[in-house]
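Position one of the sequence shown corresponds to residue 1 (the UniProt record's numbering), numbered consecutively onward. Ideal placement from N, C-alpha and C gives every residue a C-beta, glycine not left out. Computed from a predicted structure; not experimentally measured.
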Amino acid sequence: MDLFFSTNKFKLNGLSYSGFPILISREGKVVEEALDFCIAHLIKRGRVQSKKSWVTYGKALYQFFGWCEVNDIDWCDVGNDREATILAEFRDWNLSPEVEAFPQQR
């Protein structure tokens, strides 16, 4: 998992968005769900106007999707066969004292 921030060549509806967070999977593909989320929440809703917030959103998504990737977890799994939900597992990992660097396996 890699996190990149776009150049002014990244355009939506003809408008450039430099510094926009884009996640790339280990297969080298854009993580479409993360991109769609960022477009909806950072651009279309218009509430998040600071590019510093774009960095924060990008890093948070990178951490979650990267954690899922490193641990071979499908983030869409509803978790019926799991002891805890994926989000709860991620939260617990994130709050654990052994978290020093990312990504780490659980």
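According to the neighbour-count rule (16 or more other Cβ atoms, all chains shown, within 10 Å of its Cβ), is residue i buried or exposed?
| i | result |
| --- | --- |
| residue 97 | exposed |
| residue 76 | exposed |
| residue 84 | exposed |
| residue 14 | exposed |
| residue 105 | With a pLDDT of 39 at residue 105, under the threshold of 50, the predicted position of this residue should be treated as unreliable, and no value is reported. |
| residue 31 | buried |
| residue 40 | exposed |
| residue 87 | exposed |
| residue 92 | exposed |
| residue 42 | buried |
Could you say which of the options lies nearest to residue i if we only look at CA atoms?
| i | options | result |
| --- | --- | --- |
| residue 27 | 94, 85, 66, 95 | 66 |
| residue 25 | 91, 94, 61 | 61 |
Tell me which residue opens and which closes the alpha helix (DSSP H) that residue i is part of.
| i | result |
| --- | --- |
| residue 92 | 86–95 |
| residue 61 | 51–70 |
| residue 34 | 32–38 |
What span of residues does the beta strand (DSSP E) with residue i cover, start to end?
| i | result |
| --- | --- |
| residue 2 | 2–5 |
| residue 23 | 21–24 |
Is residue i near the ligand GTP - that is, is its Cβ less than 6 Å away from at least one heavy atom of it?
| i | result |
| --- | --- |
| residue 87 | This structure simply doesn't include the ligand GTP, nor any ligand for that matter. |
Tell me, to the nearest whole angstrom, how far the beta carbon of residue i is from that of residue j; I am working on the premise that it is less than 8 Å.
| i | j | result |
| --- | --- | --- |
| residue 3 | residue 58 | 5 Å |
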